[in-house]
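Written out below as structure tokens is the structure these notes cover.
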Amino acid sequence: MQLGTIEAAISELKNSGIVGMPTETVYGLAAKIDDIKAVQKIFSTKKRPFFDPLIVHVSDIEMAKALTTEWSELAQALAEKFWPGPLTMVLPKSSRVIDSITAGLGSVGIRMPNHPMALELIKKMGVPLAAPSANRFGKTSPTKAMHVLAEFPLDPGIVLDGGDCIIGLESTVLLIQKMSDIYQLCILRAGRVSESQIRSAIAEKKINFVFLPKADKQLAPGQMKHHYMPDIPLVVVKGNSTEQEILEKAKQRISSMPDRIDEVEIRKPKKFNSAKEVILDKDPSFAARHFYSQLREMSAQNTDILYIRISKDHETELWQPLMDRLLKAASLIF
Ligand code: TXA
Ligand code: MG
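Mapping the sequence shown onto the working numbering, position 322 (from 1) lands on 322, and the numbers just tick up by one.
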């Protein structure tokens, strides 16, 4: 892929191409939702399995309404409160959404990104854009235009440089289902918009709802155990082990792991001689903003493994989205 202007991106999309699109969360790999060839290009470029559905991005609420058969008072309330922003609502899909976007599910994930370039692109296209994060399947998500270029150097397509992503972790994915007159909600993926924020936004509107702790596996096909993985193994350490102990444990355990888990490649270094520590900032938002680019930069340095220390301090709700990514990016946790 190569850097280009909005005009170049528009003509790429009109020619069934794909575009690296900046958002406030992570960069996406975008295609027009009514262009099956371009949508297939997203899957083949990312090497993403077809069972994992894509999020559809809109530039206004009217566009979102056309994608679902149930734009409820709840969806309206959450859109007014959190859009544009890092909340994806999974709602019953309308016939405008083709099956290859939703992996055959009856629902579609919809979000309005909070980035001027993404909004301008969608508005000028006049069509919603389907976009997963712009990384190879299972790998670390991109938070800079240069990450997207490095991820897909040989594939055709335009990347828009919208600067560094301010949030740095993917949106909250919220499943919304209506059962008689009560809404059942379930967070399929943690993100910057927290359960407490969603609860208080709805409480203001006097809507009946319950939060389910877990969704059926068929309703959340993208929640693999391994995801976001850097190019060298990441070890997450909960205790006080020394660097030497971490290396020894990694050698014993990672060498004997399978080469693939849930279709995600588990990289194994030839030796376990050197380690580098990924240090998290004390502030959870700041730590989240830099996490993926830290992983990318540090795994390109001359070291066999990375490790990261977590503690009780990281157990609060504000840390939840980052802890979710970090534990899935890990090859080993102890
Ligand atoms: O912040 C974000 O959400 C970024 C930016 C580019 O918008 N996008 C993103 O897309 O993270 P992706 O494809 O990497 O992750 C989307 C997640 C996947 O876990 C997928 O399974 C889930 O959302 N998802 C999408 N549509 C769904 C649906 N209809 N039902 C259940 N889960 C869905
Ligand atoms: Mg992703």
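We put the beta carbon where it would ideally sit given N, CA and C, even for glycine.
Just so we're clear, the structure is a prediction, and the values are computed from it rather than from any experiment.
beta-carbon residue i near the ligand MG non-hydrogen atom, thresh 6 Å
i      : result
SER133 : yes
Beta bridge counterpart(s) of residue i as assigned by DSSP
i      : result
GLY20  : LEU29, VAL159
GLU265 : ARG260
GLU120 : According to DSSP, GLU120 bridges with nothing at all.
ILE187 : LEU174
PRO321 : According to DSSP, PRO321 bridges with nothing at all.
ALA203 : Answer by DSSP bridge pairing: none, since ALA203 is not bridged.
GLU277 : TYR307
C-beta contact flag for residue i and residue j at 7 Å
i      : j      : result
PRO321 : LEU160 : no
GLY157 : ILE33  : no
ILE254 : SER331 : yes
CYS186 : LEU175 : yes
TRP83  : MET112 : yes
VAL237 : TYR307 : yes
THR242 : SER274 : no
SER59  : LEU119 : yes
THR68  : PRO53  : no
ILE167 : GLU24  : yes
ILE246 : MET257 : no
Among the options, nearest to residue i - alpha-carbon criterion
i      : options                        : result
THR45  : ILE198, ALA203, GLY28          : GLY28
MET146 : LEU306, GLU297, LEU318, GLU317 : GLU297
ILE55  : LEU129, ALA9, GLU12            : LEU129
LYS341 : ILE98, ILE10, THR69, SER194    : Here the chain comprises residues numbered 1 to 334, so residue 341 is not present and cannot be evaluated.
VAL235 : LYS328, VAL26, ILE122, GLY106  : LYS328
HIS314 : PHE50, PHE209, GLN223, ILE279  : ILE279
MET173 : GLU70, CYS165, ARG192, ASN114  : Per the sequence shown, the amino acid found at residue 173 is Val instead of Met. Ranking GLU70, CYS165, ARG192, ASN114 by Cα distance to VAL173 puts ARG192 first.
ALA201 : MET257, PRO284, GLU80, GLY138  : GLU80
MET224 : ARG325, GLY163, ASN135, ILE305 : ARG325
THR102 : LYS205, GLN40, ASP281, GLU195  : GLN40
ALA64  : ASP99, LYS312, ILE36, SER107   : SER107
GLU195 : LEU78, ASP231, PRO49, GLY20    : LEU78
ILE232 : LEU188, THR143, LYS270, GLU204 : LYS270
The ligand TXA heavy atom lying under 6 Å from the CB of residue i
i      : result
ASP52  : yes
ASP107 : Here residue 107 turns out to be Ser, not Asp, going by the sequence shown. Yes.
GLU70  : no
THR102 : yes
ILE55  : yes
THR23  : yes
GLU151 : no
LEU188 : yes
GLU263 : no
SER171 : yes
VAL235 : no
VAL39  : no
GLY168 : no
VAL159 : no
PRO222 : Per the sequence presented here, residue 222 reads as Gly, with Pro not at that position. Because some heavy atom of the ligand TXA lies under 6 Å away, the Cβ of GLY222 counts as near it: yes.
GLY28  : yes
VAL193 : no
Buried versus exposed call for residue i [16 or more other C-beta atoms within 10 Å across all chains shown]
i      : result
GLN341 : The first residue shown for the chain is 1 and the last is 334, placing residue 341 beyond what the model contains.
ALA150 : exposed
PRO213 : exposed
VAL210 : exposed
LEU87  : buried
SER299 : buried
ARG260 : exposed
LEU154 : exposed
Heavy atom of the ligand MN within 6 Å of residue i beta-carbon
i     : result
VAL58 : Within the structure as shown, the ligand MN is missing, the only ligands being the ligand TXA and the ligand MG.
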